[in-house]
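Chemist: Basically our numbering = 1-based index in the sequence shown + 829. The beta-carbon is built from N, C-alpha and C at its ideal position, and this holds for glycine as well. None of these values were measured; they are calculated from a predicted model.
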Amino acid sequence: MGKFCLANYVFTLVLWYFLTGCSTPPDNLTNINGVWIETFPPENQDENRYTADNRIFKTGREFHYRYFYISPQGDTLLFKNIQSQTPEFQSYHWAWDFVRPDSADDQTIDMLSIKIGEGRDPYVLNDPEFNQTVQEVRLYNPAKKELGGYASATLIENSKNVWMQAPNMKLFRILSLNPYPFISAPYKKGHTWQWKVEVGQSNGDRRWKAWGGAVSNNMKYRISGQETVRVPWGEALCHIVDAEAESGLGRTHLKAAFNEEFGFLRLDYTNIDGSKLILELTDIRQ
């Protein structure tokens, strides 16, 4: 397990336990609080069974994204690691600061990757019934050197929907109050759906919003149409998902461009403090 993935692992387990209360499945899929999840007969104990039939997020595939943070004042910024005062998880995730792109150094993060893991580790170690695909999220500096350990997150891909956790480390914790990247079939203009999740206070930060306890984040999604999005290898037709999240802390927004072959090509977040965080896919590696 990566150096800093334990607390992200615990966060995801809490999220997984929140996904309870099943409806009747149409085939091998069960709807759990608004997300369709695969089910398998007891004799199928393949550790990779929740990932084996993925069409986009296949085992070993790695998705690279660049990001842009735009402050409430309109400044485009990156962030850099600074020294943690203590080794604890929370101190590590607070140990960063904004930096202008022209002042970037070898501790500045300008890229991240999401690699699809094999099997169900580390989550199955605590819960034998864990039923999602595992992501490994890594951060890189401008020289493409990995900084720090990886963090674990999860996703779900099947014929009914694609749902995923956003990166949840350092600056990216701001996204915990935003709608999750999520698209639900049918992929047609006007289709709507909803989902909700509890967000704990460990995701708070005085640089955007701090709070006590957990808040309920209620999300509404709508496919607003299609757009052609430029990618490094050409152009790709995307379904555009507009989503809004509302909690006692305020509202956030996500405009997501989803391609049925390559996944989420662009994630345009409007955050709880009015800032923006934009992720753009730059490469897919096998």
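With DSSP as the reference, identify every bridge partner of D926, one or two as the case may be.
Modeler: K909
Chemist: Just mark E867 as buried or exposed, buried being the case when its beta carbon has 16 or more other beta carbons within 10 Å.
Modeler: buried
Chemist: On the DSSP bridge list, what partners appear for T983?
Modeler: V963
Chemist: Going along the chain, which residues of its own chain have a beta-carbon closer than 7 Å to the beta-carbon of Q1115, five neighbours each way excluded?
Modeler: G889, R890
Chemist: For T962, which residues of its own chain have a beta-carbon under 7 Å away from its beta-carbon, when the five flanking residues on both sides are left out?
Modeler: The answer, listed in chain order, is Y879, T880, N883, F886, I945, T983, L984, I985, E986.
Chemist: How many Å lie between E1056 and N1088 at the Cα?
Modeler: 10 Å
Chemist: Am I right that S1076 and N1046 are in contact with their C-beta atoms under 8 Å? What's the rounded C-beta distance?
Modeler: 5 Å
Chemist: What residues in its chain sit with their C-beta under 6 Å from that of H893, if we drop five residues either side in the sequence?
Modeler: Spatial neighbours of H893 in its own chain (CB-CB distance under 6 Å, excluding positions within 5 residues in sequence) are listed in chain order as S942, T1111, D1112.
Chemist: Buried or exposed, going by whether 16 or more other CB atoms sit within 10 Å of the CB of P951?
Modeler: buried
Chemist: Can you list, in chain order, the residues of its chain whose CB lies under 7 Å from that of W1040, leaving out five sequence neighbours each side?
Modeler: Q1030, G1033, L1078
Chemist: Does DSSP classify Y1009 as helix, strand or coil?
Modeler: coil
Chemist: Is it a yes or a no for the segment 1056-1067 touching the segment 859-875, going by three-plus beta-carbon pairs under 8 Å?
Modeler: no
Chemist: Below 7 Å CB to CB, which residues in the same chain sit around G1042 once its five sequence neighbours on both sides are set aside?
Modeler: Q1030
Chemist: Give the single residue among P901, F897, D926 whose Cα lies nearest to the Cα of F1125.
Modeler: Summary: the structure shown does not reach residue 1125, with the chain confined to residues 830 through 1115, and so no result is reported for it.
Chemist: Relative to the C-alpha of R1080, which residue among L1000, A933, N1007 is closest?
Modeler: N1007
Chemist: Quick check on E1064 - is its C-beta less than 8 Å from some C-beta in chain B?
Modeler: Of the chains in the structure shown, none is chain B; there is only one protein chain.
Chemist: Let me check one thing: in DSSP terms, what residues is I866 bridge-paired to?
Modeler: T859
Chemist: Whole angstroms are fine: how far does the CA of F1011 sit from the CA of G1103?
Modeler: 22 Å
Chemist: For A924, collect the residues of the same chain with a Cβ closer than 6 Å to its Cβ; drop the 5 residues on either side in sequence, then sort them by chain order.
Modeler: I911, S913
Chemist: Identify which residue in T905, N997, E958 has its Cα closest to the Cα of A933.
Modeler: T905
Chemist: Considering just the uninterrupted stretch of the beta strand (DSSP E) at F892, what are its terminal residues?
Modeler: 891-899
Chemist: Buried or exposed, going by whether 16 or more other CB atoms sit within 10 Å of the CB of Q902?
Modeler: exposed
Chemist: Could you please give the first and the last residue of the uninterrupted beta strand (DSSP E) stretch that includes Q1023?
Modeler: 1021-1029
Chemist: Taking 6 Å as the limit between beta carbons, can you name the residues of its chain near M940, skipping five residues before and five after?
Modeler: R895, Y969
Chemist: If you draw a straight line from the C-alpha of V953 to the C-alpha of F959, how long is it?
Modeler: 6 Å
Chemist: Classify L1108 as buried or exposed, calling it buried when 16 or more other Cβ atoms lie within 10 Å of its own Cβ.
Modeler: buried
Chemist: Assign T937 to one of two classes, buried (16 or more other C-beta atoms within 10 Å of its C-beta) or exposed (fewer than that).
Modeler: buried
Chemist: Taking only three categories from DSSP, how would you classify N1078?
Modeler: A small fix is needed here, since residue 1078 is Leu in this sequence, not Asn. Coil at L1078, not helix or strand.
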